[in-house]
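The opening position of the sequence shown corresponds to residue 9 in my numbering, with each subsequent residue numbered one higher. Every residue, glycine too, gets a C-beta built ideally from N, C-alpha and C. Source: prediction; values computed, not measured.
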Amino acid sequence: MDKNNNANNGNREEAEIIDQAKATAIKHLKDKYELDVEITEEKILPAYIADEVRLKGNVIGSKDQYFNITVNYKTNKTSNFAMSPDLVKAIRDKGYEPFIKKK
Numbered sequence: 009m010d011k012n013n014n015a016n017n018g019n020r021e022e023a024e025i026i027d028q029a030k031a032t033a034i035k036h037l038k039d040k041y042e043l044d045v046e047i048t049e050e051k052i053l054p055a056y057i058a059d060e061v062r063l064k065g066n067v068i069g070s071k072d073q074y075f076n077i078t079v080n081y082k083t084n085k086t087s088n089f090a091m092s093p094d095l096v097k098a099i100r101d102k103g104y105e106p107f108i109k110k111k
């Protein structure tokens, strides 16, 4: 029974990490680019590699406007934002330049 409890706690912790990472990514893309997105895939990297969750998703209603983004679940910082050409165009149409890093 102890093993099951530990496994359940691990699964619950993983689900919480994924939920937090999704919320962070969704909020980031909404705040930065005014995008309403959905997350379609997630993967927690092994802790020995990085404290990160890799997410894939798209703009709601626009499967051609897809992206990948990584969220560090310890700091809630996003990185490695990659996007489809259609999403680049949609972001630029809103008046943003997705490839300029702000300091």
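Under a 10 Å Cβ-count criterion, residue 55 is classified as exposed, with fewer than 16 other Cβ atoms of the shown protein chains found around its own Cβ.
The closest CA to that of residue 38, considering only 71, 23 and 99, is found on 99. The alpha-carbon of residue 23 is positioned some 21 Å away from that of residue 75. Of 43, 65, 41 and 45, the smallest CA-CA separation from residue 51 is found for 65. With contacts defined as CB atoms closer than 8 Å, residue 77 and residue 95 fail to qualify as a contacting pair. Within 10 angstroms of the beta-carbon of residue 60 lie 16 or more other beta-carbons, which makes it buried.
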